[in-house]
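Input: a single structure, listed below in structure tokens.
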Amino acid sequence: MAETATTLPPAPAREASRFEVRTFLTRYGAWIALTLLILVNLAITPNFATWQTLNVNLTQVCAIVIVGVGMTLVIATGGIDLSVGALMAIAGALAPLIFLGKLFPLPHPVIGIALAFVLPVLAAGALGWCNGWLITHLRIQPIIATLVLFIAGRGIAQVFTNGNLQVFNLPEFQFIGLGRVFGIPFQAILMVAIVAAAAWMLRRTVFGRQILAIGGNERAARLAGIPVASVKQRVYLISGLLSGIAGLIVIARNSAADANLVGLGMELDAIAAVAVGGTLLTGGRATVVGTLVGALIIQLVRYTLLANGVPDAAALVAKAAIIVMAVWLQRQGQR
Amino acid sequence: MHGTATLKTLQTIGRFGVLLALVALIVFGWLRYENFLGTYNVLSVLRYNSMFALVALGMCFVIITGGIDLSVGSTAALGSVVAALASPYGAVPGLLAGLGAGLIVGACNAFIIARLNILPFIATLATMLAASGCALLLAGNQSVSVSYESGFTELGQGDFLGFPIPAWIALVAYLLGSLVLNLTSFGRTVLAIGGNEDAARLMGLPANRVKALVYVASGGLAGLAGVILAAQFGAGQPIEGVGWELFAIAAVVVGGTLLTGGVGSVGSTLAGVLLLGLIFNILNFENGLGWISLSAYWQSVIRGLFLLLVVAIQARLSIRTEETA
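These protein sequence lines are chains A and B, in that order.
Note that the numbering used here gives residue 95 to position 115 of the first sequence, counting from 1, and the numbers run on in steps of one.
Each number in the numbering used here corresponds to the 1-based position in the second sequence with 1 added.
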């Protein structure tokens, strides 16, 4: 959580103690909430401290977190990416077409599976790159530029598959969604690896500092000689690639690809996780680990309510309250 | 920073652009398809698109203030459920109930944005989830059929003076919206907030109150769209309205309203709605000719491409005006 980029101005001495409480809450609020949630669950939810509960909750958040990492980077530059759900649908529609040999004849099944991993992710990445191009070269606002693919992307996936459900049973491919390593779901390992890599990148690499600098003050970043356009372009490319991976995980988990449903509403889930995790929505300050925590909080609240007999629809209302509260607390900390 | 003159030029180009495109599309359809301008087709296009028009009108005001309202789709769903539940008591109670539900969601948005000072984007994202949750709870996770005896369905299916009632509702709303934006101090404050909120505040304009009212109005219009939805399809539908918010944003943008706020027109928003709606209509006719068979899925692809074309042209124009300015 030490990925804070902006240095806070020194507070006047008499306000020091209050200021520290606020800063503390802003920085660690998400962690405190997560800890409280786990404690509450240990107290009231039956069979909470089991391996199965952990696995269920982890597999529920994997796709959201992986997309959320890309979203965190995009939001850190002061942008937004609404196209992630549609890109998931495109990747999810392409992969079965490839390994079922409907797109082109396959010389060997293994090659088909390898291509089914690589090509859809690259396709999603390429579309993400297009988003970046619209934003940097045509200077279209991110929300509009990515709205184009939000509207058209799912349609493209549906046109590919004619809107049909593609069912398959291919353990080698489905390892990404169903496989386990030492009893831990492979997708959770993948998620942790992506989070760790992105957190390291944001904190330790020049690229990461450039992302935060652009989000903090784009004009200043440009004047300081940062290649703003190229950095932004790469950020949207990363968001696209990660959406592609998430799309593959979702279809592997379901043993079916439904272009109408894969990734539906994902952009909002990812943005919610980013907001609850403590990333500044106006850019300039971001935490990838926070996004993981944010997604876990949202998922755990839902799980707690469901496990205690509250209908799913009411959980939506709770989720709304969490988002508003998290962002409101964050604002309090900034003052 | 744009000068006022460049903004004016852009606005004019945007307005004429959408009108020209609309006229071109209508002429294309008229020449190519029989019955395209027949009474039946025209009236059903108007009937179906009136709910989108209402949602887009609210969105237009919100966007002019520099904000955004993502909650309109699920607000419409909530409105349709509430209206369907109230429909046995008659058309007017059903209408008022749906409208009221929308106003409540709008008031929540207004409170979170104007009082708690939270970004509109994230505030309305939250209320979108909450409204959708409430709609599902009220409806018991299924669609609620409306009463067919009380006359409620007239609101969606009926005609008045040979013109669909929902289209009348939308028409009145647009006339009022246009009057409010262009002729009242409220409208001028809306434009001023979008242009520069701090400046508007320093000038002593009631920025917070006007901003709050804009979100309340947007919620109310979405609730009204929900009433029409329920009346037209005979059921309150808690899971309808997915993606309406982005359709409305697209219509507003195609209409030439800048997302940065401060500029916008009610009339060209209506043209934007009709343009996006006609694309679907023309696709149907094209399939009817039998030369090609494009599935309904192409609709969103074509709409997306269309949006891309419009924003790309807008962007080129604004870059060029920046360079010459």
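All C-beta atoms, glycine included, are put in the ideal place defined by N, C-alpha and C.
Item: List, in order along the chain, the chain A residues whose C-beta lies closer than 7 Å to that of B:Ser133?; Value: Leu296
Item: Are there three or more Cβ pairs, one per stretch, closer than 8 Å when the region 123 to 138 of chain B is compared with the region 235 to 248 of chain B?; Value: yes
Item: Buried or exposed: where does A:Lys299 fall if 16 or more other Cβ atoms within 10 Å of its Cβ makes it buried?; Value: buried
Item: Looking at chain B, is there any beta carbon in it that lies within less than 7 Å of the beta carbon of A:Val186?; Value: no
Item: Looking only at DSSP bridge pairs, what is A:Ile164 linked to?; Value: A:Val161
Item: Check whether the region 175 to 188 of chain A touches the region 240 to 258 of chain A, taking contact to mean three or more Cβ pairs, one atom from each stretch, closer than 8 Å.; Value: no
Item: Under three-state DSSP, which class holds A:Val147?; Value: strand
Item: Quick one: residues in its chain with C-beta nearer than 8 Å to the C-beta of A:Ile206, no 5 flanking neighbours on either side, listed in chain order?; Value: Gln190, Ala193, Ile194
Item: What does A:Ala252 touch in chain B if you count any residue whose Cβ is under 9 Å from its own?; Value: Ile123, Leu126, Ala127, Leu130
Item: Can you give me the Cβ contacts of B:Val145 inside the same chain, cut-off strictly under 7 Å, excluding the 5 residues immediately before and after it?; Value: Val82, Ala85, Leu86, Ala236, Gly237
Item: Return the first residue and the last residue of the alpha helix (DSSP H) that A:Gln32 is part of.; Value: 31 to 56
Item: How long is the line joining the alpha carbons of A:Thr(-16) and A:Ala56, rounded to whole angstroms?; Value: The predicted model places A:Thr(-16) with a pLDDT of 44, which falls under 50 and marks its position as unreliable, so this point remains unresolved.
Item: Helix, strand or coil: how does DSSP classify B:Asp160 here?; Value: strand
Item: Who are the near neighbours of A:Ala266 in its chain, counting only those whose CB is closer than 6 Å to its CB and skipping five residues on each side?; Value: Thr52, Ala56, Thr259
Item: Who does B:Gly237 pair with in a DSSP beta bridge?; Value: B:Val145
Item: If you measure from the beta carbon of B:Ser81 to each beta carbon in chain A, is any gap under 7 Å?; Value: no
Item: So, helix, strand or coil for B:Pro121, using DSSP?; Value: helix
Item: Please compile the residues from chain A whose C-beta is within a distance smaller than 7 Å of the C-beta of B:Ile113.; Value: Val304
Item: Just confirm the distance between the C-beta atoms of B:Leu79 and B:Val106, as a whole number of angstroms; I'd bet it's less than 8 Å.; Value: 7 Å
Item: Out of A:Ala43, A:Tyr8, A:Arg119, state which residue places its alpha-carbon closest to the alpha-carbon of A:Gly243.; Value: A:Ala43
Item: Note down the Cα distance separating B:Pro165 from B:Arg48, rounded to an integer number of angstroms.; Value: 6 Å
Item: Could you check what DSSP says for B:Pro165 in three-state terms: helix, strand or coil?; Value: strand
Item: Would B:Cys61 pass as a contact of B:Thr258 if the rule is Cβ separation under 7 Å?; Value: yes
Item: State yes or no: is the beta carbon of A:Arg160 nearer than 7 Å to at least one beta carbon in chain B?; Value: no
Item: Determine the DSSP secondary structure at A:Ala237, reduced to helix, strand or coil.; Value: strand
Item: Note down, in chain order, each residue of its chain lying with its Cβ closer than 7 Å to the Cβ of A:Thr(-14), except the 5 sequence neighbours on either side.; Value: Only weak support exists for where A:Thr(-14) lies, its pLDDT of 41 falling under 50; the value from the coordinates is given anyway. Answer for A:Thr(-14): Gly196, Gly264, Arg265, listed in chain order.
Item: Measure the Cβ-Cβ separation of A:Thr126 and A:Leu217 and say whether it is below 7 Å.; Value: no
Item: Counting Cβ pairs, one atom from each stretch, are 3 or more of them under 8 Å apart for the region 202 to 222 of chain B and the region 21 to 40 of chain B?; Value: no
Item: For B:Ala313, would you say it is in contact with chain A, using Cβ-to-Cβ distances shorter than 7 Å as the test?; Value: yes
Item: What residue does the alpha helix (DSSP H) around A:Ile93 start on, and which one ends it?; Value: 89 to 117
Item: Take B:Leu247 as the anchor and find which of B:Phe37, B:Leu203, B:Phe53 has the nearest alpha-carbon.; Value: B:Phe53
Item: Between the alpha carbons of B:Gly163 and B:Thr40, how many angstroms are there, rounded?; Value: 10 Å
Item: Residues in the same chain with beta-carbon distance under 6 Å from B:Leu38, minus the five sequence neighbours each way, listed in chain order, please.; Value: Trp31
Item: B:Phe307: buried (16+ other C-beta within 10 angstroms of its C-beta) or exposed?; Value: buried
Item: Here's the rule I'm using: 16 or more other beta-carbon atoms within 10 Å means buried, otherwise exposed. How should A:Asp238 be labelled?; Value: buried
Item: Tell me whether the beta-carbon of B:Gly227 lies closer than 7 Å to the beta-carbon of B:Ala77.; Value: yes
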